[in-house]
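A short write-up of the structure that comes next.
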Amino acid sequence: MDSTVTTGTEENVWGGGNQPLGASYGKLMMWFFLVSDALTFSGFLAAYGFSRFKFIETWPIADEVFTHVPFFHGNYPMYYVAFMTFILIMSSVTMVLAVDAGHKLQKTKVIWYMFLTIIGGAIFVGSQAWEWATFIKGDFGALETKGGRVLQFVSADSGDRLAIRDFAETLHEERVDHEKKNGIWYYKGDALPSYSLNEVVEGVKTNPNVLIRTELINEDGHKTVLTRDETLKKLNDAVLVVEGANLVRNEYGSRLFADFFFFITGFHGFHVFSGVVINCIIFFNVILGTYERRGHYEMVEKVGLYWHFVDLVWVFVFTFFYLV
Amino acid sequence: MAHEHKLEIFRGLLKFKSNTQKIWGVLIFLTLVTIVEVGLGIAKPEALTHSYFLGMKVLNWIFIILTLVKAYYIAWDFMHLRDEKSSLRRAIVWTPIFLVAYLIFILLFEADYIYHVYSDGFVKWNF
Numbered sequence: 106m107d108s109t110v111t112t113g114t115e116e117n118v119w120g121g122g123n124q125p126l127g128a129s130y131g132k133l134m135m136w137f138f139l140v141s142d143a144l145t146f147s148g149f150l151a152a153y154g155f156s157r158f159k160f161i162e163t164w165p166i167a168d169e170v171f172t173h174v175p176f177f178h179g180n181y182p183m184y185y186v187a188f189m190t191f192i193l194i195m196s197s198v199t200m201v202l203a204v205d206a207g208h209k210l211q212k213t214k215v216i217w218y219m220f221l222t223i224i225g226g227a228i229f230v231g232s233q234a235w236e237w238a239t240f241i242k243g244d245f246g247a248l249e250t251k252g253g254r255v256l257q258f259v260s261a262d263s264g265d266r267l268a269i270r271d272f273a274e275t276l277h278e279e280r281v282d283h284e285k286k287n288g289i290w291y292y293k294g295d296a297l298p299s300y301s302l303n304e305v306v307e308g309v310k311t312n313p314n315v316l317i318r319t320e321l322i323n324e325d326g327h328k329t330v331l332t333r334d335e336t337l338k339k340l341n342d343a344v345l346v347v348e349g350a351n352l353v354r355n356e357y358g359s360r361l362f363a364d365f366f367f368f369i370t371g372f373h374g375f376h377v378f379s380g381v382v383i384n385c386i387i388f389f390n391v392i393l394g395t396y397e398r399r400g401h402y403e404m405v406e407k408v409g410l411y412w413h414f415v416d417l418v419w420v421f422v423f424t425f426f427y428l429v
Numbered sequence: 006m007a008h009e010h011k012l013e014i015f016r017g018l019l020k021f022k023s024n025t026q027k028i029w030g031v032l033i034f035l036t037l038v039t040i041v042e043v044g045l046g047i048a049k050p051e052a053l054t055h056s057y058f059l060g061m062k063v064l065n066w067i068f069i070i071l072t073l074v075k076a077y078y079i080a081w082d083f084m085h086l087r088d089e090k091s092s093l094r095r096a097i098v099w100t101p102i103f104l105v106a107y108l109i110f111i112l113l114f115e116a117d118y119i120y121h122v123y124s125d126g127f128v129k130w131n132f
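In the order they appear, the protein sequences are chains Z and W.
Start counting the first sequence at 106; every next residue gets the next number (my numbering).
Start counting the second sequence at 6; every next residue gets the next number (my numbering).
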């Protein structure tokens, strides 16, 4: 309120003394920035919706992709993302408590709540890094066809997913990694997967228990599993072994799925990261007593707005990427 | 700074004694909504996944509505929009809502059109 220097006494309507929206300049600008940032995120999410509606019958099913929890083996769809959501909401609460304590000019309380907020943000960013690592590594592996479609494998007995390492044959064939030292005209060679295409194909042929699961979603909302005959026929279309995910291809299905995962959660993760950095700066300012001397804690309120916005965006990302 | 807080949520159904209490109340509410979302996402009740409303599964409508409910309470209580002037609130809320609704409408219709071109046209892409 009184952080700006007023020159003269023009505190009338046209002299700058008027606040039609009842908010200070800084707070208003933070709100306008958040509005524009919200539109950027909406652009990303709407583009995701566009691609998904375009491939509505073949899009990967999120709870089959994000099934991991750190330190636990097994299939736990969404529990970890739900935990991340809770962490972020919780750190939003400590932030709003810090703002509240700031209004009452309680310095120690502000310090503690800011500290907890930073911890929450750090846990969230760490969790997201782990999510990314798991996603990039992949766990089942798949084949890619000439048309760029992904073929996954299931067990005929149980219907569970099969990893290619479970059934691939070990063939003693020459597999050479193309490295820079081997050629003058080197541009780049593809990294070799843990099993060659031939090994996976032979593995499917010798194990009658292995069936191919295509990208197509049937009426029950499950991916279509081919019969044994169709499986053997479909094998002829395969051209590549895909493990994990990168920006070009991924073992989960549509290529765009991994691209949107990296861009949307990455852009959000970067917001959380910068939020933690800004929170740290404000945190040290609070400790140094900058706002105590200024007489108000409006900076805490402004950085709080940014932090809540990051939480708000995550609520939407959670719904559109993991739930719907 | 708006020092006086409006301490009632759910249109006055629930009144809190202090701002701190209201914050914890909103946290409990948001957590409950998230638990319901995750529960439905894991259970996927057949009644909700096999019925459609405006071309989308009822379950997905529930998710989207619950998300908007959460967004409302984060913006209104955590970001203090409840305590701001209504002119500020309207400028901040209706501008993105209008633009985003427009964007979603355009993009989803276009995507649905392309889907039909792929599925009914003479282009083979799924091979």
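Beta carbons: idealized from backbone N, C-alpha and C, even for Gly.
Remember, predicted model here, so these are calculated numbers, not experimental data.
Next on the checklist: Please identify the residue among N312(Z), E397(Z) and C385(Z) whose C-alpha is closest to the C-alpha of F272(Z).
Outcome noted: Taking only the C-alpha atoms, the option nearest F272(Z) is N312(Z).
Item to check | Contiguous alpha helix (DSSP H) assignments of at least 4 residues, all confined to the region 355-426 of chain Z | outcome: Counting only runs of at least 4 residues, the region 355-426 of chain Z fully encloses the following alpha helix (DSSP H) elements, listed from N- to C-terminal order: 360-365, 371-393, 395-399 and 403-422.
Next on the checklist: Could you tell me the alpha carbon to alpha carbon distance between D125(W) and W164(Z), rounded to whole angstroms?
Outcome noted: Straight-line Cα distance between these residues: approximately 18 Å.
Item to check | Terminal residues of the beta strand (DSSP E) in which I322(Z) lies | outcome: Run containing I322(Z): V315 to I322, per the beta strand (DSSP E) assignment.
Next on the checklist: Just to confirm the assignment, what range does the beta strand (DSSP E) spanning E9(W) have?
Outcome noted: For E9(W), no beta strand (DSSP E) encloses it, and the DSSP letter there is neither H nor E.
Next on the checklist: Between T111(Z) and chain W, is any beta-carbon pair separated by less than 8 Å?
Outcome noted: Any reading at T111(Z) must be qualified, since the residue scores a pLDDT of 49, below 50, and its modelled position is unreliable; the value itself is stated next. No, because no Cβ of chain W sits closer than 8 Å to the Cβ of T111(Z).
Checklist entry - What whole-angstrom Cβ distance do V422(Z) and T370(Z) have, given they're in contact under 8 Å? => result Yes, they are in contact, since the Cβ atoms of V422(Z) and T370(Z) sit about 7 Å apart, within 8 Å.
Next on the checklist: Using a Cβ distance threshold of 8 Å, determine whether the region 332-346 of chain Z contacts the region 179-187 of chain Z, with at least three qualifying pairs required.
Outcome noted: No: fewer than three Cβ pairs fall under 8 Å.
Checklist entry - When the Cα atoms are used, what is the spatial distance from T213(Z) to R87(W)? => result Each residue's Cα considered, the two are about 27 Å apart.
Next on the checklist: Using only the alpha-carbon positions, how far apart do S379(Z) and V74(W) sit?
Outcome noted: Inter-residue distance for S379(Z) and V74(W) is about 27 Å (C-alpha atoms, whole angstroms).
Item to check | Distance, Q124(Z) Cα to L64(W) Cα | outcome: Rounded to the nearest angstrom, the two C-alpha atoms are 45 Å apart.
Next on the checklist: Only counting the same chain, and skipping five residues up and downstream in sequence, which positions put a Cβ closer than 7 Å to that of T25(W)?
Outcome noted: Take T25(W), set aside five residues on each side of it, and no residue of its chain has a beta-carbon closer than 7 Å to its own.
Next on the checklist: For G75(Z), tell me which candidate among S196(Z), K251(Z) and Y218(Z) has the shortest Cα-Cα distance.
Outcome noted: Outside the displayed range of chain Z (106 to 429) lies residue 75(Z), so it cannot be described from this structure.
Next on the checklist: Check whether the region 169-177 of chain Z and the region 13-31 of chain W touch, using three or more Cβ-Cβ pairs below 8 Å as the test.
Outcome noted: No: fewer than three Cβ pairs fall under 8 Å.
Checklist entry - If you measure from the beta carbon of D117(W) to each beta carbon in chain Z, is any gap under 8 Å? => result At least one CB of chain Z lies nearer than 8 Å to the CB of D117(W).
Next on the checklist: Quick check on this structure: which residue in A128(Z), F365(Z) and G231(Z) has the alpha carbon closest to the alpha carbon of G148(Z)?
Outcome noted: Considering only alpha carbons, the answer is F365(Z).
Checklist entry - Looking at the C-beta of I33(W), does it have a partner C-beta in chain Z at a distance below 8 Å? => result No, no contact with chain Z.
Checklist entry - If you check the beta carbons only, do T190(Z) and T72(W) fall under 8 Å apart? => result It is not a contact, given that the beta carbons lie outside the stated cut-off.
Item to check | Buried or exposed by the 16-neighbour rule on C-beta atoms within 10 Å, applied to Y300(Z) | outcome: The residue is buried, with at least 16 neighbouring Cβ atoms inside 10 Å.
Item to check | Y57(W) in three-state terms, based on DSSP | outcome: For Y57(W), the secondary structure class from DSSP, reduced to helix, strand or coil, is strand.
Checklist entry - Hey, F155(Z) and L112(W): beta-carbon distance below 8 Å or not? => result For the pair F155(Z) and L112(W), the CB atoms are nearer than the 8 Å cut-off.
Next on the checklist: I'd like to check one pair, H376(Z) with V415(Z): are the Cβ atoms closer than 8 Å?
Outcome noted: Contact: yes.
Checklist entry - Is there a Cβ from chain W that is less than 8 Å from the Cβ of F421(Z)? => result Interface criterion met: the Cβ of F421(Z) is under 8 Å from a Cβ in chain W.
Next on the checklist: Quick check: the Cα distance between G44(W) and F68(W), rounded to an integer number of angstroms?
Outcome noted: Looking at the two C-alpha atoms, the distance is approximately 11 Å.
Next on the checklist: Can you list, in chain order, the residues of its chain with a C-beta nearer than 6 Å to that of T111(Z)? Leave out the 5 residues immediately preceding and following it.
Outcome noted: Interpretation of T111(Z) is limited by its pLDDT of 49, a score under 50 that renders its predicted location unreliable; no figure is taken from the coordinates.
Next on the checklist: Taking the straight line between their C-alpha atoms, what separation do you get for V306(Z) and W130(W)?
Outcome noted: Going by the C-alpha atoms only, they are around 23 Å apart.
Checklist entry - At a CB-CB cut-off below 9 Å, which residues of chain Z make contact with S92(W)? => result The contacting residues are P125, L126 and G127.
Item to check | Residue range of the unbroken alpha helix (DSSP H) whose run includes F272(Z) | outcome: Looking at the DSSP string, the run of the alpha helix (DSSP H) that includes F272(Z) is I269 to F272.
Next on the checklist: Rounded to the nearest angstrom, what separates F367(Z) and E324(Z) at their Cα positions?
Outcome noted: Whole-angstrom Cα-Cα distance: 29 Å.
Item to check | For I28(W) and V381(Z), the rounded distance between their alpha carbons | outcome: Cα to Cα, V381(Z) sits roughly 21 Å from I28(W).
Checklist entry - Is the beta carbon of Y402(Z) less than 8 Å from the beta carbon of V215(Z)? => result Yes. Within cutoff.
Checklist entry - If A343(Z) sits next to T250(Z), beta carbons under 8 Å apart, how far is it from one beta carbon to the other, in whole angstroms? => result With 8 Å as the limit, A343(Z) and T250(Z) qualify as a contact, their Cβ atoms being about 6 Å apart.
Checklist entry - According to DSSP, is K129(W) helix, strand or coil? => result Three-state result, K129(W): coil.
Item to check | Identified DSSP bridge partners for R266(Z) | outcome: Per DSSP, V259(Z).
Checklist entry - Given 8 Å as the limit, is there contact between the region 234-251 of chain Z and the region 385-403 of chain Z, that is, 3 or more CB pairs closer than that? => result No: fewer than three Cβ pairs fall under 8 Å.
Next on the checklist: With a threshold of 8 Å between beta-carbons, can M6(W) be considered close to chain Z, or not?
Outcome noted: For M6(W), the predicted model reports a pLDDT of 43, less than 50, meaning its position is unreliable; a value from the coordinates is still stated below. True, the Cβ-Cβ gap to chain Z drops below 8 Å.
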